[in-house]
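Using our numbering, read the sequence shown as starting at 26 and increasing by one per residue.
Built from N, CA and C at the ideal position, the CB exists for glycine as well.
Just so it is clear, the structure is predicted and the values come from calculations on it, not from any experiment.
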Amino acid sequence: MVMVSMSKLEFDRLEVLLGVQSGRLRVEDACTLMGLSRRQVFRLLQGLRDDGAPSLVSRRRGRPSNHRLPDAVRQLAVTLVRERYCDFGPTLAAEKLAELHGCKVSRETVRQWMMADGIWTDRRHRLPSPHQPRRRRDCLGELIQIDGSEHAWFENRGPTCTLLAFVDDATSRLMLLRFVVSESAFSYFTATRAYVEAHGKPVAFYSDKHGIFRVNRKTATGDEITQFGRGLCALNIDIICANSPQAKGRVERAFGTLQDRLVKELRLAGIGTMETANAWLPGFIASYNARFARSPANAKDLHRPAPADDVLDEALAWREVRAVSANLTLHYDRMMLILEPTPQTRALARKQVEVVNYPDGRFAVRHAGVDLAFRLFDKFAVVRPGEIIENKRLGEALAYVQAQQAAYPTNQRRGATGRARPPNNLEAPGVPTRNSIRSGAISTLQAE
């Protein structure tokens, strides 16, 4: 008995041709089903009558391609890759073969050759990379993991907000918890100040790659730092960015526990606002650390004394440079600031000054360390149409938009009850249409 290996296309053609032979299908139907002309259908029928089903099998099967590269080219390419580029990817290896050795082979061909010779493993067959545990730091305050988690912490009793957490790497101790509207630089300014005032200055913070902690532009150089990084540098605190969430597993696992326990504790306490929750959190932190914290390997505390209040004020603030116009005005954060016309400020026309924005809302305009008198001329909307909003600030931006829309008149508010009228009385019999309501209101006004 002869076994014939057929593809799905060839097997489908066999079924159609057998139907034509038995009279169940017409030739025109076979042409439509197989997408072939009448001449090709009769040719396949003749082959089926003469040689049977094997006549439908492609004669090219099992034969090398006519466009296959010579074996000498493959041997040269594989030898060069194995000797010099064994840790290169197929794309880079193909580029180097063409650039340095004149062996021009497509990257897909190089990929297939490398996989056949065991030099390269495709993504589907790679073993998952393990995230092995990292040994804890030895001392308290040596490394503090920081992160924020947006969650429905108050369930339906309050709006969704973000919880900032400072977790010590050596002990898994909760050093600070604070509810904020969104994860922003000013939120971290305020939380970091509270941390330093309570515990002192740690050696380093360990965070993710969010734009608050790291300049993520493709054109950024290694010397650029963010506003938060500049503030930590002024306090002599290092900032280290983790390459993956697993690398800062202490704070990630802490959030997994907090999203269960803290939510239920807030429910039992009947707390539904951030202000009340922040005042209540110290007691929860004490009970959490008593349950989950562990002793450090070294009892030495590496926290350094906290600096004076004025040093914290100047370090943990947003600073930007702005140019002064000939009219002694400057723009900052969608606001126009007007400098008071004094002999000192008149000399600053067309020059640059520094705008300092403190977390408590205060502003200062400085030049050469001297504060300049100014007044606010105008302030524009917080959210502009089409403005790009970071993912972690989306909740705050939507809350502002909803508050603005709630102030609109009824006829301009989407979904307002005053606009909920059926377009005609066919959808709701007995309810007057929008036009009839409007005409009735006009006639009533005229009658009055």
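Distance cut-off 7 Å: residue i Cβ against heavy atoms of the ligand HEM
{"i": "R400", "result": "In terms of ligand content, the structure shown is empty, and the ligand HEM therefore cannot be addressed."}
Buried versus exposed call for residue i [16 or more other C-beta atoms within 10 Å across all chains shown]
{"i": "T282", "result": "exposed"}
{"i": "P89", "result": "exposed"}
{"i": "I296", "result": "buried"}
{"i": "A393", "result": "exposed"}
{"i": "E108", "result": "exposed"}
{"i": "H92", "result": "exposed"}
{"i": "D142", "result": "exposed"}
{"i": "P384", "result": "buried"}
{"i": "M200", "result": "buried"}
{"i": "A216", "result": "buried"}
{"i": "D285", "result": "exposed"}
{"i": "L43", "result": "exposed"}
{"i": "N382", "result": "buried"}
{"i": "E175", "result": "buried"}
{"i": "S131", "result": "exposed"}
{"i": "R38", "result": "buried"}
{"i": "Q170", "result": "buried"}
{"i": "C111", "result": "exposed"}
{"i": "S209", "result": "buried"}
{"i": "V29", "result": "exposed"}
{"i": "E479", "result": "Outside the modelled stretch of the chain, which goes from 26 to 473, sits residue 479, for which no answer is possible."}
{"i": "E345", "result": "exposed"}
{"i": "P153", "result": "exposed"}
{"i": "P158", "result": "exposed"}
{"i": "S207", "result": "buried"}
{"i": "P454", "result": "At P454 the pLDDT is 47, less than 50, meaning the model places this residue with poor confidence and gives no usable figure here."}
{"i": "R99", "result": "buried"}
{"i": "T487", "result": "Since the first and last residues shown for the chain are 26 and 473, residue 487 lies out of range."}
{"i": "L125", "result": "exposed"}
{"i": "A294", "result": "exposed"}
{"i": "T367", "result": "exposed"}
{"i": "E300", "result": "exposed"}
{"i": "L168", "result": "buried"}
{"i": "A118", "result": "buried"}
{"i": "D335", "result": "exposed"}
{"i": "R485", "result": "Nothing can be reported for residue 485: it is not among the residues displayed for the chain, which extend from 26 to 473."}
{"i": "A324", "result": "exposed"}
{"i": "F36", "result": "exposed"}
Range covered by the beta strand (DSSP E) that runs through residue i
{"i": "H12", "result": "Residue 12 lies beyond the stretch modelled for the chain, which goes from 26 to 473, so this question has no answer here."}
{"i": "E511", "result": "Absent from the structure is residue 511, since the part of the chain shown begins at 26 and ends at 473."}
{"i": "I363", "result": "M360 to L364"}
DSSP beta-bridge partners of residue i
{"i": "A342", "result": "DSSP, once it has assigned bridges, lists no residue as partnering A342."}
{"i": "E124", "result": "Per DSSP, none; premise fails for E124."}
{"i": "A190", "result": "D172 and L202"}
{"i": "Q71", "result": "None, per the DSSP bridge assignment."}
{"i": "E379", "result": "V346 and R391"}
{"i": "I264", "result": "F230"}
{"i": "R329", "result": "K226"}
{"i": "D396", "result": "R391"}
{"i": "L401", "result": "L362"}
Enclosing alpha helix (DSSP H) for residue i [first to last residue]
{"i": "R6", "result": "The chain is shown only over 26 to 473; residue 6 falls outside these bounds and no answer can be derived."}
{"i": "K289", "result": "G274 to A294"}
{"i": "S47", "result": "K33 to S47"}
{"i": "L58", "result": "V52 to M59"}
{"i": "Y313", "result": "M299 to F317"}
{"i": "R109", "result": "D96 to R109"}
{"i": "W138", "result": "R132 to A141"}
{"i": "F253", "result": "Q252 to A259"}
{"i": "H369", "result": "His is not the amino acid found at residue 369; the sequence shown has Gln there. Residues P368 to R371."}
Nearest-angstrom beta carbon gap, residue j and residue i [assumed within contact, 8 Å]
{"i": "V378", "j": "L397", "result": "7 Å"}
{"i": "F204", "j": "N303", "result": "6 Å"}
{"i": "P184", "j": "A424", "result": "7 Å"}
{"i": "T370", "j": "L353", "result": "6 Å"}
{"i": "A493", "j": "D163", "result": "Summary: the structure shown does not reach residue 493, with the chain confined to residues 26 through 473, and so no result is reported for it."}
{"i": "V82", "j": "M59", "result": "Contact doesn't hold; Cβ gap of about 16 Å is too wide."}
{"i": "W178", "j": "L364", "result": "Actually they are not in contact, since the Cβ atoms of W178 and L364 sit about 43 Å apart, beyond 8 Å."}
{"i": "A259", "j": "A340", "result": "4 Å"}
{"i": "R161", "j": "A318", "result": "Incorrect: roughly 12 Å between the Cβ atoms, too far for contact."}
{"i": "G256", "j": "F214", "result": "7 Å"}
>> Under 8 Å: do the region 93-108 and the region 64-82 share three or more Cβ pairs, one atom per stretch?
In response: no
> Are there three or more Cβ pairs, one per stretch, closer than 8 Å when the region 266-276 is compared with the region 186-195?
Replying inline: yes
> Is there contact between the region 216-234 and the region 326-333, where contact requires at least three CB pairs shorter than 8 Å?
Replying inline: yes
>> Count Cβ pairs between the region 257-270 and the region 233-245 that sit closer than 8 Å; are there 3 or more?
In response: yes
>> For the region 341-353 against the region 364-376, do three or more pairs of beta-carbon atoms, one drawn from each stretch, fall closer than 8 Å, so that the two count as touching?
In response: yes
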